[in-house]
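S.K.:
There are 2 protein chains.
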Amino acid sequence: MTMKLYCFGESGNAYKVALALTFSGVEWEPEFVDFFGGATRKPEFRAINVMGEVPVLVDGDTTLTQSGVMLDYISSKSGKLGGRSAAERREVLRWLFWDNHKLSTAIGTTRFQMNFVPEAKRSAEVIAFMQARLKSAYKVLDDHLSQRKWVAGEAMTIADLSCCGYLFYPEPFGFDRAAWPHIDAWLTRISTVPGWKAPYDLMPGSPADRV
Amino acid sequence: MTMKLYCFGESGNAYKVALALTFSGVEWEPEFVDFFGGATRKPEFRAINVMGEVPVLVDGDTTLTQSGVMLDYISSKSGKLGGRSAAERREVLRWLFWDNHKLSTAIGTTRFQMNFVPEAKRSAEVIAFMQARLKSAYKVLDDHLSQRKWVAGEAMTIADLSCCGYLFYPEPFGFDRAAWPHIDAWLTRISTVPGWKAPYDLMPGSPADRV
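From first to last, the protein sequence lines stand for chains C and V.
For the first sequence, the residue numbers in numbering that gives the first Met the number 0 are 0 to 210.
For the second sequence, the residue numbers in numbering that gives the first Met the number 0 are 0 to 210.
(1) Does any CB atom of chain C fall closer than 7 Å to the CB of residue 152 of chain V?
(2) Give a yes or no on whether 7 Å exceeds the smallest Cβ distance from residue 78 of chain C to chain V.
(3) Locate the alpha helix (DSSP H) running through residue 14 of chain V, then write down its first and last residues.
(4) Could you tell me whether any Cβ in chain C is nearer than 7 Å to the Cβ of residue 65 of chain V?
(5) Check distances from the C-beta atoms of the region 127-157 of chain C to those of chain V and list, in chain order, the residues that come in under 7 Å.
(6) Taking only runs of the alpha helix (DSSP H) that begin and end inside the region 96-141 of chain C, which ones reach a length of at least 4 residues, in chain order?
(7) Hey, does residue 104 of chain C have any beta-carbon neighbour from chain V nearer than 7 Å?
(8) Please classify residue 65 of chain V as buried or exposed, where buried requires at least 16 neighbouring CB atoms within 10 angstroms.
(9) Comparing the C-beta of residue 48 of chain C with each C-beta of chain V, is any distance below 7 Å?
(10) Does residue 125 of chain C have its Cβ less than 7 Å from a Cβ in chain D?
(11) Could you check where the beta strand (DSSP E) with residue 76 of chain C kicks off and where it finishes?
(12) Can you tell me which residues form a DSSP beta bridge with residue 27 of chain C?
(13) From residue 134 of chain C to residue 108 of chain V, what distance separates their C-alpha atoms?
(14) Is there a Cβ from chain V that is less than 7 Å from the Cβ of residue 195 of chain C?
(15) Taking contact to mean 3 or more Cβ pairs, one atom from each stretch, closer than 8 Å, check whether the region 147-165 of chain V and the region 111-125 of chain V are in contact.
(16) Determine the direct distance from the alpha carbon of residue 208 of chain V to that of residue 96 of chain V, and round the result to whole angstroms.
(17) List the residues that DSSP assigns as beta-bridge partners of residue 58 of chain V.
(18) Once you ignore the five residues that flank residue 59 of chain V on each side, which residues in its own chain have a CB closer than 7 Å to its CB?
(19) Whose C-beta lies closer than 8 Å to the C-beta of residue 144 of chain V among residues of the same chain, with five residues either side of it excluded?
(20) Please confirm whether residue 92 of chain V has its beta-carbon closer than 7 Å to some beta-carbon of chain C.
(21) For residue 39 of chain C, report the span of its alpha helix (DSSP H) as first-last.
(22) So what does DSSP say about residue 167 of chain V, is it helix, strand or coil?
(23) Please confirm whether residue 212 of chain C has its beta-carbon closer than 7 Å to some beta-carbon of chain V.
(24) Under 7 Å between C-beta atoms, does residue 122 of chain C make it to chain V?
(25) So which residues on chain V does residue 72 of chain C lean against when the C-beta distance must stay under 8 Å?
(26) Contact criterion: CB-CB distance below 7 Å. Does residue 57 of chain V meet it with respect to chain C?
(27) For residue 170 of chain C, which of C/74, C/90, C/9 has the nearest alpha-carbon?
(28) Check whether the region 61-76 of chain C touches the region 72-84 of chain V, taking contact to mean three or more Cβ pairs, one atom from each stretch, closer than 8 Å.
(29) Below 7 Å on C-beta distance, what does residue 97 of chain V contact in chain C?
(30) Out of C/200, C/195, C/136, point me to the one whose CA is closest to residue 21 of chain C's CA.
(31) Would you say residue 68 of chain V reaches chain C, if we count a Cβ-Cβ gap shorter than 7 Å as a contact?
(32) Out of V/191, V/127, V/152, V/142, which has the shortest C-alpha to C-alpha gap to residue 173 of chain V?
(33) Using the beta-carbon count (16 or more within 10 Å), is residue 91 of chain V buried or exposed?
(34) I need the straight-line Cα distance from residue 36 of chain V to residue 206 of chain V, nearest angstrom please.
(35) Could you please give the first and the last residue of the uninterrupted alpha helix (DSSP H) stretch that includes residue 151 of chain V?
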């Protein structure tokens, strides 16, 4: 059965899942959610996800929210992109949590402030604060990748897809890819895996549609 | 073998794990980390955890970081505090990710700014921004708990312990417990489980030590 991913192009969390679906060879189709038109605040959407967030993944009778849960589900179901031992699976999970805790949350907030909020409503102080936190996170990831090709284990896993999700977006959020050589090389490694597409090519909706 | 938890009283993420260890009946002992004295920035500590964060859990040859991973490990190993089916386990994991993504990260930042940073270095704008985000998170949790006694499934799980961790701290961070009746009742439910202790009673170190 074809899985359905409720998503929109700008969602880095949806992009992580779209990449996992693509790389694991699962049949899937995107269902566009008009986030910028207020769709996630409507009762119909809250009925699917009380958290009011995109992405949502539907596989038959199973409805999942939170990208980390979906990544784990896709990996378990397909037998791909996961760790090969209990220790590797814990290491994968560790980086999924780290990404949710330290990296993606802060990028999401910063990128939204810098690109999708009316200029009059932006806070330079908040942006500077978040960017300082992000610098610490980039350093942790860059140091980690200086020793290895992939985030966890000896091959690409969902830990890579979680951590890279937001880093492939073109909008500015204070990430200078050239300043982090090990992250840079790792992103190139991921983007040369067959099937890879940039966010706005893999999911419907992009800032270009709203110009 | 006795598990060792590297922790300090102020760490809400360590508190989640200390509660899980206590409630699951695992033998454990705290190892105090002098965070405010700079211990987590030292190379000795980075060697234990490249992420430079507390908590760290050591169980024989296994060293774990990220509270979500530890909660999952404790629950798997003890057979307690986890979901009873694959669907319940996914629901547990969903709330662990949500907590890391939306609740604990923002509380940690806000509480740190309001209580542990010199006043001259505090940003009122950042605090206000984070508190607005937190209000949305409290609402999601309060609405969810209006329908049920526990966050996931029919009994207390690690999802409860993850989400409640920071909410038991006495320092102000913009959480008015009385304003969220379902969260309030749920916190009371947790704190009346035998063995429960407040953060500064369960782990060594507290602001009182540094006055």
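Just so you know, even glycine gets a beta-carbon here, dropped at the ideal spot from N, CA and C.
M.R.: Taking the coordinates as given:
(1) For residue 152 of chain V, the answer is no, since every Cβ of chain C falls outside 7 Å of its Cβ.
(2) Chain V contact via Cβ: absent.
(3) Here the alpha helix (DSSP H) through residue 14 of chain V covers 11-22.
(4) At least one C-beta of chain C is nearer than 7 Å to the C-beta of residue 65 of chain V.
(5) Cβ contacts with chain V: 128, 139, 142, 143.
(6) Runs of alpha helix (DSSP H) with 4 or more residues, each lying fully within the region 96-141 of chain C, are found at 103-114, listed in chain order.
(7) At least one chain V Cβ lies under 7 Å of residue 104 of chain C.
(8) If you draw a 10 Å sphere on the C-beta of residue 65 of chain V, you find 16 or more other C-beta atoms in it, and that means buried.
(9) Among the CB atoms of chain V, none fall inside 7 Å of the CB of residue 48 of chain C.
(10) Within the model displayed, chain D is absent; protein chains C and V are what it includes.
(11) Premise fails: residue 76 of chain C lies in the alpha helix (DSSP H), 66-77, not in any beta strand (DSSP E).
(12) Note: residue 27 of chain C sits in a beta bridge opposite C/2.
(13) Cα to Cα, residue 134 of chain C sits roughly 15 Å from residue 108 of chain V.
(14) In terms of beta-carbon proximity, residue 195 of chain C stays away from the interface with chain V, with every pair separated by 7 Å or more.
(15) The answer is no - the region 111-125 of chain V does not touch the region 147-165 of chain V, with fewer than three Cβ pairs under 8 Å.
(16) Rounded to whole angstroms, residue 96 of chain V and residue 208 of chain V show a C-alpha spacing of 33 Å.
(17) Here residue 58 of chain V is bridged, per DSSP, to V/61.
(18) Sequence-distant Cβ neighbours of residue 59 of chain V in its own chain, meaning closer than 7 Å and more than five residues away, are 0.
(19) Here residue 144 of chain V has 150, 181, 182, 184, 185 as same chain residues with Cβ atoms under 8 Å from its own Cβ, once five neighbours each way along the sequence are excluded.
(20) With 7 Å as the cut-off, residue 92 of chain V counts as an interface residue toward chain C.
(21) That residue, residue 39 of chain C, is in no alpha helix (DSSP H); it is neither H nor E in DSSP.
(22) Correct three-state label for residue 167 of chain V: helix.
(23) Here chain C comprises residues numbered 0 to 210, so residue 212 of chain C is not present and cannot be evaluated.
(24) Yes, its Cβ sits closer than 7 Å to a Cβ of chain V.
(25) Residues of chain V whose Cβ lies closer than 8 Å to the Cβ of residue 72 of chain C are, in chain order, 89.
(26) Interface criterion not met: the Cβ of residue 57 of chain V is under 7 Å from no Cβ in chain C.
(27) Here the closest residue by C-alpha is C/9.
(28) The region 72-84 of chain V and the region 61-76 of chain C do not touch, with fewer than three beta-carbon pairs separated by less than 8 Å.
(29) Under a criterion of Cβ atoms nearer than 7 Å, the residues of chain C adjacent to residue 97 of chain V are, in order, 50, 65.
(30) Closest by alpha carbon: C/195.
(31) By this cut-off, residue 68 of chain V is an interface position.
(32) Closest option to residue 173 of chain V, judged by alpha-carbon separation, among V/191, V/127, V/152, V/142: V/127.
(33) It counts as buried.
(34) Computed Cα separation, rounded: 13 Å.
(35) No alpha helix (DSSP H) holds residue 151 of chain V; DSSP gives it neither H nor E.
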